[in-house]
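Inspection log for the structure reproduced underneath, given as C-alpha cells.
Next up, the structure:
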C-alpha cells in the first residue's frame, strides 16, 4: 500500500525565552533552533523511520509527499528536500517558480510555562483541486486499491477512487467544520487539545463518543 501525505511544509524558527514578553517589551532569547515543520511532513518523517526498521521484512510501504513549495532552485526548497531520508518520494511536490520563500513559522517557547506561541507566514499559492487530481490520477489504476491519503480533496477521491483510505487530523480547538470532516474519513487522529476543549476527560471517552459521529473511521485508544 502507498501512503501519500498532502499538506504544507514549513520552516520553523524556534526561540526559547525565560518568559513570554508583554507587548513592546524587549527580551533576549535563551536559544534558537531551525527545523522543518508541518503536520504531514512530520508524520512522514516518523513513518520513514518505521519503514526503515521494517525493510528487512519486506513490508516497507512507499511514502510520498505532495506539498506546495517555492522555486525548486530556492534555498528553502533545498533545505526541505534535504530534511527527508531516501524513503520519502518528493516527486509529486508542486513548485511555485515565482516564489523564493517557504511557508514559515516563528515559535516563541516559554521555559517558565511551557507555552508555545506560533506566528505563521505562507505566501505560496495554494494547491488547486485540479493539481491534486493530476497527482492522484498519476498513480494509475492501482491507486484505487493500494493507496492511503492523508488528507486532502476528500470529495474528489471518494468520487474517482472510492476504495482508497483517507485519514484526517482533528487538531485545533474551535476550528469550524472538523466534526463534519471527521465523519467522512476512514481514520481520524484527534488532538488532546481538541478533546479537552470539547469536554472529554480522557482519550477512551472521546473515542467512544466520536465512534458514533465518525462511523466510517477506525477508532483506537492506546493503553498507555
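In my numbering, the protein residues as written are 1369 to 1592.
From the three backbone atoms N, C-alpha and C, an ideal C-beta is built for every residue, glycine too.
For the pair of segments examined, the region 1454-1462 was found not to touch the region 1380-1391: the number of CB pairs separated by less than 8 Å stays below three.
Within the same chain, Cβ atoms closer than 8 Å to the Cβ of residue 1584 are found at 1551, 1552, 1553, 1554, the five residues on either side in sequence being excluded. Under DSSP, residue 1379 forms a beta bridge with 1404, 1472. Look at the beta carbons and you see the region 1436-1445 not touching the region 1397-1412: under three pairs across the two are nearer than 8 Å. It is roughly 17 Å from the alpha-carbon of residue 1400 to the alpha-carbon of residue 1488.
Bridge partners of residue 1558 according to DSSP: 1538. In this structure, the beta-carbon distance from residue 1371 to residue 1431 falls below 8 Å. With a 10 Å radius around the Cβ and a threshold of 16 neighbouring Cβ atoms, residue 1393 comes out exposed. Closest in C-alpha terms to residue 1466, from the list 1449, 1445, 1404, comes 1445. The continuous beta strand (DSSP E) containing residue 1464 extends over residues 1462-1464. Nearest to residue 1543 by C-alpha distance, out of 1429, 1493, 1563, is 1563.
When the Cα atoms are used, residue 1380 and residue 1470 turn out to be separated by approximately 10 Å. When rounded, the separation of the alpha-carbon atoms in residue 1548 and residue 1484 is 28 Å.
Pairing residue 1528 with residue 1534, the inter-Cα distance amounts to about 13 Å. Here residue 1416 is near residue 1453, since their CB atoms are less than 8 Å apart. In the structure shown, residue 1565 adopts helical secondary structure according to DSSP, grouped into three states. Judged by beta-carbon spacing, residue 1532 lies beyond the 8 Å limit of residue 1556, meaning their Cβ atoms are not closer than that value.
When DSSP states are grouped into helix, strand and coil, residue 1505 belongs to the helix group. Secondary structure at residue 1488: strand, using DSSP grouped into helix, strand and coil.
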